[in-house]
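For the sequence shown, our numbering gives the first residue as 211, with consecutive numbering after it.
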Amino acid sequence: MNYAYARVSCKDQRLERQLAAFNDCGIAFDKVFSDKKSGKDFERKSYERLIKKLRQGDLLVIKSIDRLGRNYDCILREWKRITKDIGADVYVLDMPLLNTRSNAQNLIGKFIADIVLQILSFVAENERINIRTRQAEGIKAAKARGVKFGRPKITCPDNFPSVAEAYISRKIRITEALSLTAMKPSSFYRYIKQYARDPV
């Protein structure tokens, strides 16, 4: 059985390029597993389902080694798990040398594939480290410029104390309280709890 695995790091990133490549290889849509999660480890729901399905003699296709993961040790360990423990084959489309099916009987090909795998795994992890470093530097520079991160702080309207008192004493309902304060329910309830503990 032929399977494929696709991964992107964020929910707003798209899988189309990887899926199109699998389609060109003739892999059925229902045999493609995908995750939208970081490649720092292999704790990914779809990937775990895929591993449970893989059997000896199956083929797993991935677009590039960094789609499998971005942690050097984890990639090597997972490659061994798939090819040695399970007995399935792996084919990396962007690096044809990484095709265990074609290198199975070729000692030199196998040796070269092992070296390429280690190099690409190192590059994948190194890129992840560089991305995190660039993000940290960008955040630090933005903070130095006065950029604020996170949700904007919600301030209570001037009439909140009187509305809170009326709501607590059951003189008005929640719908009226929200209308009077123009607050969202979650914000109103959070501030009501705070107000009940420490009235202004």
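Beta carbons are placed, not taken as given, at the ideal position from N, Cα and C, and that holds for glycine.
Quick caveat, the model's predicted, so the values are computed rather than measured.
Would you tell me roughly how many angstroms separate the C-alpha atoms of residue i and residue j, rounded to the nearest one?
i	j	result
D268	V326	22 Å
A392	A406	20 Å
A352	K273	35 Å
R291	Q266	11 Å
Y377	I349	41 Å
L278	N233	18 Å
Would residue i count as contacting chain D if we go by Cβ distances under 8 Å?
i	result
R217	Of the protein chains in the structure, only one exists, and it is not chain D.
Assign residue i to one of three DSSP states: helix, strand, or coil.
i	result
I349	helix
R254	coil
A216	strand
S389	helix
T365	coil
I382	coil
L264	coil
What residue does the alpha helix (DSSP H) around residue i start on, and which one ends it?
i	result
V357	Here V357 belongs to no alpha helix (DSSP H), and DSSP marks it neither H nor E.
What residues in its chain sit with their C-beta under 7 Å from that of residue i, if we drop five residues either side in the sequence?
i	result
L225	A216, V218, S244
L229	A216, V242
C284	D251, F252
In its own chain, which residues sit with a C-beta less than 8 Å from the C-beta of residue i, not counting the 5 before and 5 after it?
i	result
P395	I384, L388
S372	none
Can you list, in chain order, the residues of its chain whose CB lies under 6 Å from that of residue i, leaving out five sequence neighbours each side?
i	result
L330	I275
I443	With the chain covering 211 to 410 only, the question about residue 443 has no answer from this structure.
*What runs of the beta strand (DSSP E), each 3 residues or longer, lie entirely inside the stretch 222 to 246?*
242 to 246
*Please list the segments of the alpha helix (DSSP H) lying wholly inside the stretch 267 to 328, counting only runs of 4 or more residues, in order along the chain.*
275 to 278, 282 to 290, 310 to 313
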